[in-house]
Amino acid sequence: MLSARALHVFPAAAQRCSFPEPFYFLKARRDAASILRLSLWWSASSSSLPPARVSVSRPAMDSAMPPSLGAVALALLVAVVVSVILLRRKGSGAVSLASPAAVAGVSQGLAVAPAPTPPQGSRVLIVFATQTGTAERFAKSLRSELESRFGGGEVSFEVAPVEKVSTRGLRSEKCVILLMATYGDGEPTDDAVDFHESLLTASRAPDAPSSLRGLSHAVFALGNRQYEHFCAVGLQAHAALARLGSAALLEAGTGDDDADIDEDFERWTASLTTALQGREDLVGAAGADPEGMGRSPSGLGARAALQEPGSLEVEVLAPSHERYGEADGWRQGRGCSAQDTVGARVLCVRELHSPLSQRSCVHVELDLGDSPATYCAGDHAGVLPANSPELVARAAARLGYDLSQVVLLRVPDSDRSGLAAPSAAPLSVRQLLAQFVDLCGSPGKSALAALAWTASDEDERVCLQSMATSSPEGRALFHERVVEPKASLLDLLEAFP
C-alpha cells in the first residue's frame, strides 16, 4: 500500500455529499502500472465512492502542484448566480456576469494580472505560498482591500506566487507581505520549498543582519492546529526575515484551517491596514488619509459588500443537445494535465482507522484500465467528481436556467478580479452546473457579499451584508445561518429568493 496526503478537504461539504470534496490532489508512490493505491486523509466517514474521473499529471521538478479547483468552482457558481440577476435586469444578448473583486478571493489557482507599476512609483509585493489555494485567495482579497484603502496613488499592489520570488530579489523591494501555508506537519508547500530553504539558509549567514535592511514585511501563516508544528513555515519565515534585517510591520498572524481561518485573516488584515496608516514611505500619500487614521477596518467581507462586482462577458448561444468540451484529451495528444481526464474504476475503499479513532484515513484503489495514462512516483492524481443530476436540476430550477442552453464565457481585458472562464469553448448550462461549479461547498463571506450586492429585497440585502462582515452580530448570524446548518450556497439561494 502506498501513502499519500490529501491536500484539500471541505469538511462541511463532505458531510453533505457522498464524495467528500470536489477536488483532490495527491502525491503517492507507484504500486503497479495500472492500479493506483492511495491513502486519502478523509474528513468524513463515508466508505463509498461514486464513479469519478481521474487526471494524472507529471510536473517538472521545480513546478508547483496544480492548484485546487474547489474554490474556483464555488467562485464560478457565485458568478453564474449573479449573472442570472443581471441577465434578467439587462435582457438577452451579451451581458455582464458579475463576480465581485472580493469573490476573486474565493477563486484559486488562476492567473493573476498584477497591477501596473507606476513609472516612478514603488510597489507593495504580496507573495503567496499555497497547496490548496487558500493563501492565493487571501492574497487576491488582500490586494483588493489595500487598493481600496491606499490605491490611486504612486504605489501599486502586486500579487505573485512564491516560486516567482527569490530571497535575493527581496533586496530590491520596500515592502513585502507573505501569506505562507504550512503543508502537513511543519513542511513548506510544494511551491515554497526552494524559497523557504533559501530564506532560512540566508538568515544563518554571517552577514544576515544587514542583508534585507530597508525592507518592511508582514506575514500571515496558514495552518491547522491538529498538527504539532502549527503554522511553522510562516512563523519561520517571519523570524528569518527579522534576522535578515527586515522590519516587521506587525506580529505574524496565524490562521487555523480547523476553525475559522477566514475570520483569522480578517482580524490580521485589520491590524495590517492600521499598521500601514501613516507609512507614506510604503503606501504613499494615501497612507496619511485622515479618514483612515485611527479607524479600524471593518473587514474584507464588509468592504466587499460595498463594492460593485467585476464581470465576465457571457454570450448566449442557441440551445443545443450537443455535448461540448468533453473531448478526450488523451486521444487528442495533449498529454496529461488537470484538464485531461480518464475514466477509472474504483476497486476498493477501506477505512484504515478503528471505529474508536476520531480521525479517518481511507485506502482507495483505482484501476486505470487500458487508458494510456501512466503513474510514477511524484505524479499528481486528481479525482474530479461531478454534481449529481438531482443537484443540477435543483440549481437550474432555482436560477431559472434551461439546461440545454449553451453559453460562451469570456473575461474582459479590464477585469482584475482573478476569476477565469472555465473553458474557452462553449458549454451547456448542464455541463457548467455539473462539472464546473461547487453546489455543495459552504459559501465564504465574499460570496455572501456578492449576493448582497445583487439582492433586490432590502431585508435580504441587509441580512446577507451583515453575514459578510466581521462584526459580532455578523459573525453570530453567519454561524447561525451558514456554519451550524452546514448550508451550501445553493441552500442560501433558496433561503433568499
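At position 79 of the sequence shown the residue is numbered 785 (the working numbering), and the sequence of numbers has no breaks. Backbone N, C-alpha and C define an ideal beta-carbon position, used for all residues, glycine too.
Exercise. With Val833 and Ile883 assumed to form a contact (beta carbons below 8 Å), what rounded beta-carbon distance in angstroms separates them?
Worked result: 7 Å
Exercise. For Ala1182 versus Leu1170, is the C-beta spacing smaller than 8 Å?
Worked result: No, the Cβ-Cβ distance between Ala1182 and Leu1170 is not below 8 Å.
Problem set entry | Beta-carbon spacing of Val1112, Ala1127 below 8 Å | no
Exercise. Which same chain residues, not among the five before or five after Ser952, have their C-beta less than 7 Å away from its C-beta?
Worked result: Hits under 7 Å: Leu918, Leu921, Ser922, His923.
Problem set entry | Residue ranges of each alpha helix (DSSP H) within the region 818–891, 4 or longer | Counting only runs of 4 or more, we get 840–856.
For this session: Helix, strand or coil for Cys937, going by three-state DSSP, please let me know.
Result: coil
Exercise. Rounded C-beta distance between Leu688 and Glu879? I'm assuming under 8 Å.
Worked result: Nothing can be reported for residue 688: it is not among the residues displayed for the chain, which extend from 707 to 1203.
For this session: Decide yes or no for the touch test of the region 1143–1158 against the region 975–984: beta carbon pairs closer than 8 Å, at least 3 of them.
Result: no
Problem set entry | Buried or exposed by the 16-neighbour rule on C-beta atoms within 10 Å, applied to His1185 | exposed
Problem set entry | N- and C-terminal bounds of the alpha helix (DSSP H) containing Ser977 | Segment 967–982, the alpha helix (DSSP H) holding Ser977.
Exercise. Alpha carbon to alpha carbon, what distance is there between Asp896 and Val1189?
Worked result: Cα-Cα distance, rounded: 31 Å.
For this session: Measure the CB-CB distance between Ile967 and Thr888 and report whether it falls below 8 Å.
Result: no
Exercise. For Arg1136, does the count of other Cβ atoms within 10 angstroms reach 16, so buried, or fall short, so exposed?
Worked result: buried
For this session: With DSSP collapsed to three states, give me the class of Ala914.
Result: helix
Problem set entry | Rounded straight-line distance, which links the Cα of Thr836 to that of Val1055 | 29 Å
For this session: Could you give the DSSP three-state label for Thr960: helix, strand or coil?
Result: strand
Exercise. Relative to the alpha-carbon of Val1022, which residue among Phe863, Glu1179, Leu1114, Asp1144 has its alpha-carbon at the smallest distance?
Worked result: Leu1114
Exercise. Going by DSSP, what residues sit across from Cys1054 in a beta bridge?
Worked result: Per DSSP, Glu1071.
For this session: Taking only the alpha-carbon atoms, compute the straight-line gap between Thr1047 and Arg843 and give it to the nearest angstrom.
Result: 25 Å
For this session: Spell out a yes or no on whether the region 900–916 and the region 856–863 are touching, meaning 3 or more CB-CB pairs, one atom from each, closer than 8 Å.
Result: Here the region 900–916 does not lie against the region 856–863, with fewer than 3 beta-carbon pairs under 8 Å apart.
Exercise. Are the CB atoms of Ala908 and Val868 nearer to each other than 8 Å?
Worked result: no
Problem set entry | Buried or exposed by the 16-neighbour rule on C-beta atoms within 10 Å, applied to Pro1095 | exposed
Problem set entry | Residue span of the alpha helix (DSSP H) that contains Ala1158, given as start and end | 1151–1160
Exercise. Ends of the beta strand (DSSP E) at Arg919?
Worked result: Where Arg919 is concerned, there is no enclosing beta strand (DSSP E), given that its DSSP letter is neither H nor E.
For this session: Would you please verify whether the beta carbon of Ala1182 is less than 8 Å from any beta carbon of chain D?
Result: Note that chain D does not occur in the displayed structure, where there is just one protein chain.
Problem set entry | Per DSSP, cross-strand counterpart(s) of Arg1116 | Glu1019
Problem set entry | Val686 versus Ala943, Arg874, Ser847, residue with shortest Cα-Cα distance | Since the displayed the chain opens at 707 and closes at 1203, residue 686 lies outside it and no answer follows.
Problem set entry | For Ser1152 and Ser1176, the rounded distance between their alpha carbons | 11 Å
Problem set entry | Residues of its chain near Leu852, where Cβ-Cβ distance is below 6 Å and the 5 sequence neighbours each way are ignored | Phe863
Exercise. With 16 as the cutoff for other CB atoms within 10 Å, does Gly1106 come out buried or exposed?
Worked result: exposed
Exercise. How many Å lie between Glu957 and Arg829 at the Cα?
Worked result: 21 Å
Exercise. Distance, Cα to Cα, Cys881 vs Gln942?
Worked result: 18 Å
Exercise. Among Glu972, Met886, Leu955, which one has its Cα closest to the Cα of Phe936?
Worked result: Met886
For this session: May I have the straight-line CA-CA distance separating Arg1065 from Asp963, to the nearest angstrom?
Result: 16 Å
Problem set entry | Where Arg877 falls, given that 16 or more other Cβ within 10 Å makes a residue buried | exposed
For this session: Starting from the C-beta of Val989, find all residues in its chain whose C-beta is less than 6 Å away, skip the five residues before and the five after it, and write them out in chain order.
Result: Phe856, Val861, Leu982
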